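Residue numbers (this note's numbering), protein chains in the order written: chain A, 1 to 53; chain B, 1001 to 1218; chain C, 2001 to 2243. In what follows, a structure is listed as structure tokens, so that the remarks can point back to it.
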């Protein structure tokens, strides 16, 4: 850790906030994405079996 | 076109048309300001131009839902969209009606309310000029916002969220004219810019509003 | 233009699948190396002290915040003119990323300014413009959520993006004009225009590149999500009708 001097809280705070927000964005993006793709696969199978009936 | 204008004016002015509510809101807001910031006349003098502009803007915003929602519900908008009169012109006329029944009364009431807020003497004229020049833009921008949200159930709050950021340039320059006038400074630059915004808005937003309306009505 | 073939969702998804791994990896490298270099290996500024290190997160996030909106504007125009669904969905996908970047820009900007301004917020023209941009993003996303029919939503949000862009530009100049009235120790801009020496510049460029690649990767993935949702809806309707 470099010597951040008297601005340590500010600098670490800024980096912390940034990384936290980016992490949240990533997690939410991936969760929603996985759910949507799984739902699509399911519906595609359903449509497939309907077509075969 | 004049038929549409007269119709809108008549609808706004009859009982239940909401005329005067904007004005009443403006008054109440101005009265509340000293209660929130304290009655020191120097402070009130300093913030009077800005507060009056903000009050006029909010009063205008609150009366926007009448602009298109009622016509949407009773099918008038469908008629207007297919009428020989271009929808752009119809919306411009409706904005004009809105301004006459909402913006103009605010402009007229503003000096009286300025007295309540210790508006400096030099500021009265500039306040009226800036509001006169700026409120038509508020009506037209509001019309665009209303057109965007007309099909959305209970879209009033969303409309406010969309319209308020669009109001920022008008508010900045309008309030600046009023403030500079009140303190005796040269208000020409913001005045010209304000005029520019209003003219540009009036010229271009009817097209954007009509396009938005057509998307909803289809 | 051969680019138009990616308006076809299938082709777009194929391209996206090929590009994404590279984008994600390069983004990670750019961000880790850029921020790591900047944070650990650069000296302090003689005036701003160690707060100059915030530049490596503030500038890239602000850069993306603006460019995301520009991308949304172009995508909206493409939708309005050529009705390519992928374009409308890409705009929708980009908005939350732009929003988060705007928030990061605002927060880091405010924190960076705190030691100099002595307050956690100042109506500095740049920060104020970003606050307005934040509101535009909010409105855009809110409108997408509020309109039921997806095509109508795409239409209305596109018009909002167009008109909003004009007003955002106007606001930028209005805010510059408005902030001239500041008497508090001059508009302490965050000195980004000063000659930034190589020492700061190189990790900064890396960070900007990293953030940009992250934006691309996120938008590609999120657009894929939107396409999946849209296709799911379409299939469900077909199943209900057929059954």
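C-beta atoms are modelled at their ideal positions from N, C-alpha and C, and glycine is treated no differently. Computed from a prediction, not measured in an experiment: that's the story for all the values here.
Going by beta carbon distance, what residues of the same chain come within less than 8 Å of residue 2035 (chain C), once the five residues before and after it are set aside?
2056, 2057, 2203, 2207, 2210
Taking residue 1063 (chain B) as the reference, which of B:1138, B:1088, B:1172 has the closest Cα?
B:1138
Close-in-space but distant-in-sequence residues of the same chain around residue 2192 (chain C) (CB under 8 Å, 5 per side omitted)
In this predicted model, residue 2192 (chain C) has a pLDDT of only 49, less than 50, meaning its place in the structure is not dependable; the value taken from the coordinates is given anyway. Taken in chain order, the residues that qualify are 2055, 2059.
Chain B partners of residue 2132 (chain C), CB-CB under 7 Å?
1165, 1168
Given this structure, state the Cα-to-Cα distance separating residue 1159 (chain B) from residue 2140 (chain C), to the nearest angstrom.
11 Å
Measure how close the beta-carbons of residue 2222 (chain C) and residue 2144 (chain C) come, nearest whole angstrom, since I'm counting them as under 8 Å.
About 13 Å separates the two Cβ atoms, so there is no contact after all.
How many angstroms separate the CA atom of residue 1198 (chain B) from the CA atom of residue 1092 (chain B)?
13 Å
Per DSSP, residue 2030 (chain C) is paired with what?
DSSP lists no partner for residue 2030 (chain C).
Is the shortest distance between the beta-carbon of residue 2209 (chain C) and the beta-carbons of chain A less than 8 Å?
no
Going along chain C in order, which residues have a C-beta closer than 8 Å to the C-beta of residue 1216 (chain B)?
2152, 2156
Residue 2049 (chain C) by DSSP, collapsed to three states: which one?
strand
Residues within the region 28-43 of chain A neighbouring chain C, beta-carbon criterion of under 7 Å:
29, 32, 33, 36, 37, 39, 40, 43
May I have the straight-line CA-CA distance separating residue 29 (chain A) from residue 2218 (chain C), to the nearest angstrom?
8 Å
For the 8 Å Cβ check, are there 3 or more pairs between the region 2149-2169 of chain C and the region 2127-2137 of chain C?
yes
Short of 6 Å in beta carbon distance, which residues of its chain neighbour residue 2155 (chain C), apart from the five on each side in sequence? Order them along the chain.
none
Beta carbon of residue 1141 (chain B), beta carbon of residue 1101 (chain B): below 8 Å?
no
Under a three-way DSSP split, which group does residue 1098 (chain B) fall into?
helix
Report the option in B:1103, B:1154, B:1205 whose CA atom is closest to the CA atom of residue 1136 (chain B).
B:1103
Across the region 1027-1040 of chain B and the region 1113-1121 of chain B, are there enough close Cβ pairs to call them in contact, namely three or more that are closer than 8 Å?
yes
First and last residue of the uninterrupted alpha helix (DSSP H) at residue 1004 (chain B)
1002-1013
Closest by C-alpha distance to residue 2227 (chain C), when choosing among A:13, A:33, A:45
A:33
Mapping DSSP to helix, strand and coil, what is residue 1 (chain A)?
coil
Who are the Cβ neighbours of residue 2026 (chain C) in its own chain at under 6 Å, not counting the five residues just before and after it?
2213
Please compile the residues from chain C whose C-beta is within a distance smaller than 8 Å of the C-beta of residue 52 (chain A).
Per Cβ cutoff of 8 Å: no residues; residue 52 (chain A) is ~12 Å from chain C at best.
Ordered list of alpha helix (DSSP H) runs contained in the region 1037-1061 of chain B, each at least 4 residues:
none
Is it right to say residue 2184 (chain C) is buried, meaning 16 or more other beta carbons lie within 10 angstroms of its own, or is it exposed?
Confidence at residue 2184 (chain C) is low in this model, with a pLDDT of 41, below 50, so the placement of that residue should be treated as unreliable; the coordinate-derived value is given next. With fewer than 16 Cβ atoms within 10 Å of its Cβ, residue 2184 (chain C) is classed as exposed.
How about residue 1117 (chain B) and residue 1177 (chain B): do their beta carbons lie closer than 8 Å?
no
Beta-carbon proximity list for residue 2020 (chain C), same chain, < 8 Å, skipping 5 on both sides
2217, 2220, 2221
Along the region 2096-2112 of chain C, where does the CB come closer than 8 Å to a CB of chain F? Name the residues.
No chain F appears in this structure, whose protein chains are A, B and C.
Measuring CB to CB, does residue 2061 (chain C) end up less than 8 Å from residue 2108 (chain C)?
yes
Apart from the five residues on each side of it in sequence, which residues of its chain come closer than 8 Å, Cβ to Cβ, to residue 1157 (chain B)?
none
Is there a C-beta anywhere in chain A that falls below 8 Å from the one on residue 2229 (chain C)?
yes
Against residue 47 (chain A), what residues of chain C qualify as contacts under a CB-to-CB distance less than 8 Å, listed in chain order?
2235, 2238, 2239
Should the region 1082-1089 of chain B be regarded as contacting the region 1044-1061 of chain B, the criterion being three or more beta carbon pairs within less than 8 Å?
no
Starting from residue 2129 (chain C), trace the alpha helix (DSSP H) in both directions and tell me its first and last residue.
2125-2146
Is the region 1063-1080 of chain B touching the region 35-50 of chain A in the sense that three or more CB pairs, one from each, lie closer than 8 Å?
no
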